[in-house]
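> In the UniProt record's numbering, the protein residues as written are 1 to 292. Glycine included, every Cβ here is placed at the ideal spot set by N, Cα and C.
(1) Where does residue 247 land, buried or exposed, given buried means 16+ other C-beta within 10 angstroms?
(2) Cα separation between residue 291 and residue 255?
(3) Quick check: the Cα distance between residue 278 and residue 270, rounded to an integer number of angstroms?
(4) Output needed for residue 202: all residues of its chain with C-beta closer than 7 angstroms, excluding positions within five of it in sequence on either side, in chain order.
(5) Is the beta carbon of residue 206 within less than 7 angstroms of some heavy atom of the ligand COA?
(6) Taking 6 angstroms as the limit between beta carbons, can you name the residues of its chain near residue 179, skipping five residues before and five after?
(7) Assign residue 151 to buried or exposed, taking buried as 16 or more other Cβ atoms, counted over all protein chains shown, within 10 Å of its Cβ.
(8) Among 167, 171 and 159, which one has its Cα closest to the Cα of residue 181?
(9) Which of helix, strand or coil does DSSP assign to residue 276?
(10) Once the 5 residues before and after residue 169 are set aside, which same chain residues still bring their CB inside 6 angstroms of it?
(11) So, at 6 angstroms on beta carbons, what are the nonlocal neighbours of residue 284 in its own chain, with the 5 sequence-adjacent residues on each side left out?
(12) I'd like the span of the alpha helix (DSSP H) that includes residue 250, first residue to last.
(13) Contact between the segment 193–201 and the segment 218–237 is defined here as three or more beta-carbon pairs at a separation below 8 angstroms; is this criterion met?
(14) Going by DSSP in three states, residue 149 sits in which element: helix, strand or coil?
(15) Considering only residues of the same chain and omitting the five flanking positions on each side of residue 219, which have a CB-CB separation below 8 angstroms?
(16) Nearest to residue 273 by CA position, among 132, 131 and 173, is which residue?
(17) To the nearest angstrom, how far is it from the Cα of residue 115 to the Cα of residue 87?
(18) Note down the Cα distance separating residue 184 from residue 249, rounded to an integer number of angstroms.
(19) Classify residue 189: buried if its beta carbon has 16 or more other beta carbons within 10 angstroms, exposed otherwise.
(20) Are the Cβ atoms of residue 167 and residue 207 separated by less than 8 angstroms?
(21) What residues in its chain sit with their C-beta under 7 angstroms from that of residue 227, if we drop five residues either side in the sequence?
(22) Mind checking residue 84: buried by the 16 CB within 10 Å criterion, or exposed?
(23) On the CB-based measure, 16 or more other CB atoms within 10 Å of its CB, does residue 126 come out buried or exposed?
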């Protein structure tokens, strides 16, 4: 502000006529008045230009066009993000539920998932898509109850971290590499009640990262959450969803019981390079699937 004040003062100083040269008001003719005003107008414009230039630079920096450029880029990024969220969800939920856990041709389906979502899976694991869950969706607004975030974005991110890797990396350690991140994200999403802001079958996939976690507390929570979801489904018209959730309660309890007994999933030992105990070996002989 000091620099601006000095500049404005210099402009005023130059524009002020010398007292000795100022004509007496009584002898100023109309032509002289017109001539004086035309000399003062450029000085006034100089002051206005100085004010405008200073204000623009002070508020927005030397490149004021960057503000509009950033706004345009931000809008474009948000649109691209929403497009990826929508296609991630549509691929999973618009297809037959059989593809989720028992596709007719596993190799073909796994290859399709790999080709379609391989890059997004990598980006999700590298924390490049975290804004999917943390940002308020411009297409859906804040969550109910005042919670901020993007329920659909969180769900899509969970699919990339928890479900799709089981197709893309089936039978390898990479299939479980993002399980911990998925469990943490699912826990936060459930705390935000995002699972209550989507459909019944969609809500189930907020809980599966807990079912895949090898901590007993996660297993206990998963059983309770799916049982609550089943009660919610009983009043719904979608009998297919109700039956699917009913079966999921049994799967959740089976996972819980395995963790309660062994503290881990013996079925993962070979994939993860873990040595199985004699008890685990006997269990896998009796239960090849790894669950009761």
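Let's see:
(1) Residue 247 should be labelled exposed.
(2) 6 angstroms
(3) Looking at the two C-alpha atoms, the distance is approximately 14 angstroms.
(4) 93 and 155
(5) The ligand COA is not part of this structure, which contains no ligands at all.
(6) 212
(7) Looking at its Cβ environment, which holds 16 or more other Cβ atoms inside 10 Å, residue 151 is buried.
(8) 159
(9) coil
(10) 175
(11) Excluding its 5 nearest sequence neighbours in each direction, residue 284 has C-beta neighbours in its own chain below 6 angstroms: 266, listed in chain order.
(12) In this chain, the alpha helix (DSSP H) harbouring residue 250 covers 239–262.
(13) yes
(14) coil
(15) 210, 211, 213, 252, 255, 256, 259 and 260
(16) 173
(17) 13 angstroms
(18) 21 angstroms
(19) Around the Cβ of residue 189, a 10 Å sphere holds 16 or more other Cβ atoms; the residue is buried.
(20) Their beta carbons are not under 8 angstroms apart, which means residue 167 does not touch residue 207 by this criterion.
(21) 249
(22) Residue 84 counts as buried, since no fewer than 16 other beta carbons sit within 10 angstroms of its beta carbon.
(23) exposed
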